[in-house]
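Visitor: Let me begin by handing over the structure; questions about it come next.
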């Protein structure tokens, strides 16, 4: 009787041990898969997340402010501008372009995209503000995609003045020149209209997008 009892207990324990071993194997496999997946995720570059705001004044130029979020290295920072709906339908196709980073400075007028050696900063951080002077906010340097349509690939072959002031040079603005002048952000007639600024990295990943209202 005793031997029968021991054999019965052994038969009962065996399935339990088998189930426990299976659970251990499943847990180990899950841990390996999780670690492998984490390694892949950590190996991929993360797109920064930030809130970027801008202002534009016909008299004072443009500011770009980091209102919060991740710091973005200057060498991985791209600003894209394009006209908003108030400029007319389908104008984005002739107005979308990157801002030339050589136009951008700190509040003291020092370039910030050279190497970081001048300002001592290498990234655009929360609380930082970038500046584009009124002179550099003129249509020619800020919106060269429009100026190319107006004055051609060479500045010497000007169909219209690069500074485009139809008030002082009214006879210069005829035909296509006048049409493209309407897309220039620093045109006083565009006060109250809105254009779009997008911030992205150099891989084309969108970081932020906001509207900018043109003020006097």
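Residue numbers (our numbering): 694 to 909. Cβ atoms here follow ideal geometry from the backbone N, Cα and C, with glycine treated the same way. Quick caveat: nothing in here was measured; it's all calculated off a predicted structure.
If you reduce the DSSP assignment to three classes, tell me which class residue 862 lands in.
Guide: Legend: pLDDT at residue 862 = 49, less than 50; position of this residue unreliable, value from coordinates given subsequently. If DSSP states are grouped into helix, strand and coil, residue 862 belongs with coil.
Visitor: Near residue 758, which residues of its chain fall below 6 angstroms by C-beta distance, leaving aside the five closest residues on each side in sequence?
Guide: Around residue 758: 746 and 822.
Visitor: Please say whether residue 777 and residue 904 have beta carbons closer to each other than 8 angstroms?
Guide: Yes.
Visitor: Taking residue 802 as the reference, give the member of 740, 786 and 828 with the closest Cα.
Guide: Considering only alpha carbons, the answer is 828.
Visitor: Using 10 angstroms around the beta-carbon of residue 765, count the other beta-carbons present and answer buried if the total reaches 16, otherwise exposed.
Guide: Buried.
Visitor: Do you know offhand how far residue 907's Cα is from residue 749's?
Guide: So the alpha carbons of these two residues sit roughly 5 angstroms apart.
Visitor: May I have the straight-line CA-CA distance separating residue 767 from residue 783, to the nearest angstrom?
Guide: In a straight line, the C-alpha of residue 767 is about 31 angstroms away from that of residue 783.
Visitor: At what residues does the beta strand (DSSP E) containing residue 899 begin and finish?
Guide: Run containing residue 899: 899-908, per the beta strand (DSSP E) assignment.
Visitor: In the DSSP assignment, what are the bridge partners of residue 755?
Guide: Partner(s): 749 and 825.
Visitor: May I have the straight-line CA-CA distance separating residue 902 from residue 909, to the nearest angstrom?
Guide: Each residue's Cα considered, the two are about 23 angstroms apart.
Visitor: Which residue comes first and which comes last in the beta strand (DSSP E) that contains residue 888?
Guide: Counting along the chain, the beta strand (DSSP E) containing residue 888 begins and ends at 887-893.
Visitor: Is it true that the CB of residue 826 sits closer than 8 angstroms to the CB of residue 754?
Guide: In this structure, residue 826 lies closer than 8 angstroms to residue 754 by Cβ.
Visitor: If you count every other CB in all the chains shown that lies within 10 Å of the CB of residue 722, and 16 or more means buried, which is it?
Guide: The residue is exposed, with fewer than 16 neighbouring Cβ atoms inside 10 Å.
Visitor: Give me the DSSP bridge partner(s) of residue 873.
Guide: Answer is none; residue 873 lacks a bridge partner.
Visitor: Would you mind sorting residue 720 into buried or exposed? The rule is 16 or more other CB atoms within 10 Å of its CB.
Guide: That one is exposed.
Visitor: Per DSSP, what kind of secondary structure is residue 837 in: helix, strand or coil?
Guide: Reduced to three states, the DSSP call for residue 837 is helix.
Visitor: Quick one: is residue 797 buried, meaning 16 or more other Cβ sit within 10 Å of its Cβ, or exposed?
Guide: Under this definition residue 797 is a buried residue.
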